[in-house]
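Residues 696 to 807 in my numbering are what the sequence shown spells out, letter by letter.
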Amino acid sequence: MKHMTREEAIERRVLQRARTVAINGASPSPARYSHTVAAYLKTAGYDVIPIRADRVEVAGLPTYATLGAVAGPIDLVVIFRRPDAVSAHLGGICRSGAAIPASGACTCASGI
């Protein structure tokens, strides 16, 4: 049996405790992976907050134009953006004023 590293244990704890997940780049198209993730998390009982500049509804959920527009705390931010655009979005997250607790996390979906 493989033992987890300290970093793996921290990552696991963050993911297990997350209840509110913001999805930056969530798509209204059911054919897109970001839509599938949003819909799945919603049915699994998570509070899902789609982030879209155009505010188009995603998986039956209202959207926010920016993370800074979200009123409550966010446990996890998932970024669905092209790799060349991720750094700009990370900077935006840091400047957004969003209520991301110290125990929160931000992750990027690979292959987007």
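Idealized CB from N, CA, C, for every residue including glycine.
Looking from the CA of Arg776, the closest CA among Glu703, Thr758, Asn719 belongs to Asn719. Taking Pro723 as reference, the option from Lys737, Arg707, Gly755, Arg708 with the minimal CA-CA separation is Gly755. The alpha-carbon of Thr731 is positioned some 14 Å away from that of Val716. The Cβ-Cβ distance between Leu762 and Ile774 does not fall below 8 Å. Look at Ile705 here: in three-state DSSP terms it is helix. Rounded to whole angstroms, Val765 and Thr758 show a C-alpha spacing of 9 Å.
Straight-line measurement puts the Cα of Arg750 at about 31 Å from the Cα of Arg708.
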